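Residue numbers (full-length UniProt numbering), protein chains in the order written: chain A, 1 to 102; chain B, 1 to 238.
Each residue gets a CB set at the ideal place from its N, CA and C atoms; glycine is no exception.
Because the structure is a prediction, the values reported are computed rather than measured.
For reference, the structure is listed below as structure tokens.
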Amino acid sequence: MNTSILLLIVGMAVVTYIPRMLPLTLLEGKELPEFLQSVLRNIPYAVLGALIFPGILLIREGDIWFGLVGAAAAFTLAIAGANVMVVVIGSILLLSLYHLMI
Amino acid sequence: MQAAAASSQRSEFKSGLHAGMSIAVGYMPIALTFGLLAKTTGLSLAETVLMSLLVFAGASQYISLSLIAAGVGIAVIIFNTFIVNIRHFLMSASLNEKMEKDSLGKKALYAFGLTDETFSVIATREGKSTTSFAFGVMLIAYGSWVINSGIGHLIGASLPVFLQAAMSIALYAMFVGLLIPSVKKSVKVFYLALTAGALNSILTLSGALEAGWSIIAATLVSSIIVEVVLLARRRAGF
């Protein structure tokens, strides 16, 4: 194994692990101010919004329709009450069909 | 008592594995392609699998390949990796509010498995999340990531073009599937996601911020603004 690649991988591993680990361990058992707690509890839903948009519309460069069809499929299935796995598989199937048709 | 605790841990772990299945599916095309690209960049099979084993971060692993190919120095690639993953500070702090109390050793161990996707699944679960549940979600996601990186390198090809394209929706569809049930229950969740999604779109599409930073900015601003507005409205008696 190439030493400099090995060094690179270990370095990347360390700097990736630090932000994942520090808050979970340093904040264990600490009671944060109520406002901060509320903000931290909001984060998962805000993150989901930011992870979905605009990314979902840009999954295929130069073809916004591909993203729109995929997004429409995912939102329709989810709003209809399908569980997460069904939303995922359903959206993949629908986009495969769409891809084969055009 | 102990037997009951062990069996509830087992069932929590199993429901974690189950909840992580959609991540495993979503990681498949990305990891296969990563393995393939790593091979074309000149990494050996062992190096490719080792990187996925130790780093376990999709975006930074992809970026590192293009930087290696461009002949960029190790220190710069490592620094870049750190920048791309700064958003995990935020997720780790938020996850801490969600998780049951546990020993620092266990928390330091499952912290390794924190990604955008595992965080989304664990943090949107109803009620508190348990350590066993987190381990389940992370283990199946990690397994898919590592194994598929290796397979991508070994077979030197990714999925058929139409499936590859269609599967690029997988993780986004998962995020949608995680978000919508909470939106149905709480209008606050709707405002949070809408504000963050709109902000992130403006920030990335205008080129104001790079994707990593704009996710952090959009998430923080939306989480704070929505909280302040709702507090103000409650105080005003609405």
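| Check | Outcome |
| --- | --- |
| Applying a beta-carbon distance threshold of less than 9 Å, which residues of chain A neighbour methionine 28 of chain B? | Ordered by position in chain A, no residue passes the 9 Å Cβ test against methionine 28 of chain B, which lies about 11 Å from the chain. |
| Compare the C-beta of isoleucine 79 of chain A with all C-beta atoms of chain B and state if any pair is closer than 7 Å. | yes |
| Can you tell me which residues form a DSSP beta bridge with methionine 99 of chain B? | B/Ser129 |
| Asparagine 148 of chain B and leucine 67 of chain B: beta carbons closer than 7 Å? | no |
| I want to verify the contact list: residues of chain B whose CB lies under 8 Å from the CB of threonine 25 of chain A, in sequence order. | Leu104, Lys107, Ala108, Ala111 |
| If the cut-off is 7 Å on Cβ atoms, which residues from the stretch 152-173 of chain B count as contacting chain A, listed in chain order? | Phe162, Leu163, Ala165, Ala166, Met167, Ser168, Ile169, Ala170, Tyr172, Ala173 |
| Roughly how many whole angstroms lie between the Cα atoms of alanine 217 of chain B and alanine 46 of chain A? | 11 Å |
| In angstroms with no decimal places, state the Cα-to-Cα distance between threonine 124 of chain B and proline 23 of chain A. | 19 Å |
| Using 7 Å as the threshold, is the C-beta distance between isoleucine 30 of chain B and glycine 71 of chain B below it? | no |
| I want to know whether the stretch 55-72 of chain A touches the stretch 131-141 of chain B - three or more CB-CB distances under 8 Å. | no |
| From lysine 14 of chain B to phenylalanine 190 of chain B, what does the alpha carbon distance come to, in whole angstroms? | 30 Å |
| Does the CB of leucine 36 of chain A have a neighbour CB from chain B at under 7 Å? | no |
| Take the Cβ of aspartate 63 of chain A as the centre, count every other Cβ of all protein chains shown within 10 Å, and call the residue buried at 16 or more, exposed below. | exposed |
| Look up arginine 60 of chain A in the DSSP assignment and say whether it is helix, strand or coil. | coil |
| Would serine 22 of chain B pass as an interface residue toward chain A - the criterion being a Cβ-Cβ separation below 7 Å? | yes |
| Ordered along the chain, which non-local residues of its own chain (more than five positions away) have a Cβ less than 6 Å from that of alanine 19 of chain B? | Val121, Val137 |
| For serine 144 of chain B, go through chain A and note every residue whose CB falls closer than 9 Å to its CB, in chain order. | None at all; the shortest Cβ gap to chain A is about 13 Å. |
| For the alpha helix (DSSP H) containing valine 226 of chain B, list its first residue and its last residue. | 211-235 |
| Would you check if the stretch 188-208 of chain B and the stretch 151-159 of chain B touch, i.e. whether three or more CB-CB distances between them fall below 8 Å? | no |
| Closer than 7 Å, CB to CB, is isoleucine 147 of chain B near chain A or not? | no |
| Would you give the residue range spanned by the alpha helix (DSSP H) that serine 91 of chain A belongs to? | 84-101 |
| Taking contact to mean 3 or more Cβ pairs, one atom from each stretch, closer than 8 Å, check whether the stretch 37-46 of chain A and the stretch 82-98 of chain B are in contact. | yes |
| Among residues of its own chain, excluding the 5 on either side of serine 96 of chain A, which ones have a beta-carbon nearer than 7 Å to its beta-carbon? | none |
| Just the C-alpha distance for isoleucine 102 of chain A and alanine 71 of chain A, rounded to the nearest angstrom, thanks. | 18 Å |
| Within the chosen definition, does the stretch 162-176 of chain B reach the stretch 72-90 of chain A through at least 3 CB pairs nearer than 8 Å? | yes |
| Compare the Cα-Cα distances from alanine 141 of chain B to each of B/Leu178, B/Gly150, B/Gly26, B/Arg233 and report the closest residue. | B/Gly26 |
| Alpha carbon to alpha carbon, how far is glycine 67 of chain A from glycine 237 of chain B? Give it in angstroms, no decimals. | 42 Å |
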